[in-house]
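Asks: Protein chains in written order, with the working numbering: chain A, 1 to 268; chain B, 1 to 262.
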Amino acid sequence: MEQKTKHYEKLFLVLVFLFFYLPIIYVVFFSFNSSKSLSTFTGFSLQWYEKMFKNRTIMESIWYTVSCAVIATVVSTVVGTITAIGLSKSKKALREAINQVNNLPMLNPDIVTAIGFMLLFTSLRIKTGFTTMVLAHIAFCIPYVVLSIMPKLRTLDPNLAEAALDLGCTPLQALWKVIIPQIRPGIVSGALIAFSMSFDDFVISLFTTGPGINNISIYVYANVKRVNPTINALSAIIVYVITIVLVLVNVVPMIRERKSKKNEQLIR
Amino acid sequence: MKSFSKMVYPYVIWAAAMIVMPMLMIVLYAFTVKGNSVLTFQFTFDNFIRFFSDPVFPGVLWRSLKLAVITTVICIAIGYPSAYIIAKLKPNSQAMMILLITLPTWINMLVRTYAWRGILSNFPISGEIKVYIGMLYNFLPFMILQIYTSLSKIDPNLIVAAHDLGANNRETFRRVILPLSLPGVVSGITLVFLPAVSSFFIPKLLGGGQYVLIGNLIEDYFISTGDWNFGSAISLIMAIIILISMYITRKLDRKSAEAEAD
Chain A
1 MEQKTKHYEK LFLVLVFLFF YLPIIYVVFF SFNSSKSLST FTGFSLQWYE KMFKNRTIME
61 SIWYTVSCAV IATVVSTVVG TITAIGLSKS KKALREAINQ VNNLPMLNPD IVTAIGFMLL
121 FTSLRIKTGF TTMVLAHIAF CIPYVVLSIM PKLRTLDPNL AEAALDLGCT PLQALWKVII
181 PQIRPGIVSG ALIAFSMSFD DFVISLFTTG PGINNISIYV YANVKRVNPT INALSAIIVY
241 VITIVLVLVN VVPMIRERKS KKNEQLIR
Chain B
1 MKSFSKMVYP YVIWAAAMIV MPMLMIVLYA FTVKGNSVLT FQFTFDNFIR FFSDPVFPGV
61 LWRSLKLAVI TTVICIAIGY PSAYIIAKLK PNSQAMMILL ITLPTWINML VRTYAWRGIL
121 SNFPISGEIK VYIGMLYNFL PFMILQIYTS LSKIDPNLIV AAHDLGANNR ETFRRVILPL
181 SLPGVVSGIT LVFLPAVSSF FIPKLLGGGQ YVLIGNLIED YFISTGDWNF GSAISLIMAI
241 IILISMYITR KLDRKSAEAE AD
């Protein structure tokens, strides 16, 4: 595909990127504003960051978001991996049925999945709160984990596990030492998807949480009606964290690769 | 080896309880009315009759579909050229561009929409246009990424071959690149249209409260009004419309692929 790009094409891309980054720059910029205004910059100040760290509701919402995402990621990755391995060895009919069922939360709009959980919890008389929110997150994350592991299992040589068993491994050892290491990339990407889905979720959390338990999204949604620059500071911090993480994830392997190439040349 | 297949059983129970049951609950609620008819299973079409006999509700449904279709079309109109230009860059710059497009999508949707609220409050434009901007902002990256993925999978030799066989750039695009990139467009449509129809916080944060979509109706009937039966019926109607439109999209994709093969 590689071709020369024309000037107007470059301009087009620049405009698209401007559109993507305008609100991010805007939020970061006004998070340092000394006044409440969202249109005029009156001077530099860190007061909104200070207010944010002193705000108990915001700090709690960050805690709930992170702990919910961690629990949901760990549980859905473990259950999803076990299920995917089981599915790869089970009958075709069962596999098809489970895939169809897993498609439901992935294809349904979030709000439909969300009210389904809400109706389920309330009709079972389960009090909604942190636990119900985590349960719902686990439920909508597992299908994504299964989906990202299944292709790896399909390319796996079935004889390897058999060989391990013949050579005296217990089934558990065969699982742990032979199968899991080979599908690790799928497990890792499944876990990453689960974490980001849970961390970013708003709709399902809104319908499954109880009074007083807010994640970041719900906090923003509930407090957006008034002008509230502490949300700018909160948003800016999210931007910093994600930028640092993504840069580390993408740039560090690049540097490492370059270094190892250099070393190779030195050895030669 | 066969013993591994037993590992599915816990999930079968879990999926029945946490995925199938909730969906059945929605259907059950949609076909009953408030009171204890849920327990006595007295089915009725009252909720659906109520939805279609009041002109307000079909109007909201129509507005949501219109918004979702227009958003999807604009996303293709801007997303296709963007993906195409990116796919023409050098491999290193391609990776950089894709990272730059992915980065904003990692930031919470609510936070991004909130940011637009601040910017747009400085301009005297209608709530509807603000909602469109918010929709485009949230969904355009998905479209670009999907189309880019299918464009980058195209074997460059095919393009060279088309040129060797006498096709000019325009013909090569129309007869080789475009058909091969259609699967990306279709999955992009799925990723944009689906959440756009049901979105409710973008209109709520940017539309200034007067701009009601089907998602807002569902939220209101569940959270403010507490009429879960009617809310379930609305969600069921929405889910069915989405299923039908997805079916049509996939059919069209298959047809275009077949037409190309002939």
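Glycine included, every Cβ here is placed at the ideal spot set by N, Cα and C.
Quick one: complete alpha helix (DSSP H) runs, 4+ long, within the region 110-179 of chain A?
Replies: List check, alpha helix (DSSP H) in window: 110-123, 130-154, 158-166.
Asks: Does F195 (chain A) come out as helix, strand or coil in the three-state DSSP assignment?
Replies: DSSP places F195 (chain A) in helix when its eight states are reduced to three.
Asks: Taking the alpha carbon of F20 (chain A) as the point to measure from, which residue in B:F43, B:T44, B:I19, B:I98 has its own alpha carbon closest?
Replies: Checked all of B:F43, B:T44, B:I19, B:I98; the closest Cα to F20 (chain A) is B:I98.
Asks: Can you tell me where the alpha helix (DSSP H) with D46 (chain B) in it begins and where it stops?
Replies: Taken as a continuous stretch (DSSP letters only), the alpha helix (DSSP H) holding D46 (chain B) covers 46-53.
Asks: Pull the bridge partners of N33 (chain A) from the DSSP assignment, please.
Replies: A:F44, per the DSSP bridge assignment.
Asks: In this structure, how does DSSP classify A17 (chain B) when only helix, strand and coil are distinguished?
Replies: It is helical.
Asks: Closest Cβ-Cβ distance between P81 (chain B) and chain A: below 8 Å?
Replies: So, interface residue.
Asks: Is the shortest distance between the beta-carbon of I71 (chain A) and the beta-carbons of chain B less than 8 Å?
Replies: Taking Cβ atoms only, chain B never reaches closer than 8 Å to I71 (chain A), which makes this a no.
Asks: Using 10 angstroms around the beta-carbon of P203 (chain B), count the other beta-carbons present and answer buried if the total reaches 16, otherwise exposed.
Replies: Classification for P203 (chain B): buried.
Asks: State buried or exposed for A115 (chain B), treating a residue as buried only when at least 16 other CB atoms are found within 10 Å of its CB.
Replies: By the 10 Å Cβ count, A115 (chain B) comes out buried.
Asks: With DSSP collapsed to three states, give me the class of A115 (chain B).
Replies: Helix.
Asks: Between which two residues does the alpha helix (DSSP H) harbouring Y137 (chain B) extend?
Replies: Its alpha helix (DSSP H) spans residues 127-152.
Asks: Taking the alpha carbon of G207 (chain B) as the reference point, which residue from A:A72, A:A161, A:V224, A:F195 has its own alpha carbon closest?
Replies: With distances taken between Cα atoms, G207 (chain B) lies closest to A:V224.
Asks: Can you list, in chain order, the stretches of the alpha helix (DSSP H) that have 4 or more residues and sit fully within the region 51-98 of chain B?
Replies: Segments of the alpha helix (DSSP H) lying fully in the region 51-98 of chain B: 56-88.
Asks: Where do the ends of the alpha helix (DSSP H) carrying L94 (chain A) lie?
Replies: Counting along the chain, the alpha helix (DSSP H) containing L94 (chain A) begins and ends at 92-107.
Asks: Would you report the Cα separation of V66 (chain A) and S198 (chain A), rounded to the nearest angstrom?
Replies: Using only the alpha carbons, I get a separation of about 9 Å.
Asks: Just the C-alpha distance for S64 (chain B) and V197 (chain B), rounded to the nearest angstrom, thanks.
Replies: Taking the straight line from one Cα to the other gives about 6 Å.
Asks: If you measure from the beta carbon of W228 (chain B) to each beta carbon in chain A, is any gap under 8 Å?
Replies: So, interface residue.
Asks: Taking only the alpha-carbon atoms, compute the straight-line gap between I218 (chain B) and T113 (chain A) and give it to the nearest angstrom.
Replies: Approximately 12 Å, taken between the alpha carbons.
Asks: List the residues of chain B whose Cβ lies closer than 7 Å to the Cβ of G190 (chain A), in chain order.
Replies: The contacting residues do not exist; G190 (chain A) stays about 14 Å from chain B at best.
Asks: In chain order, what residues of the region 18-33 of chain B put their CB closer than 9 Å to some CB of chain A?
Replies: The residues in question are M18, I19, V20, M21, P22, M23, L24, M25, I26, L28, Y29.
Asks: Should K152 (chain A) go down as buried or exposed, given a rule of 16 or more other Cβ atoms within 10 Å for buried?
Replies: By the 10 Å Cβ count, K152 (chain A) comes out buried.
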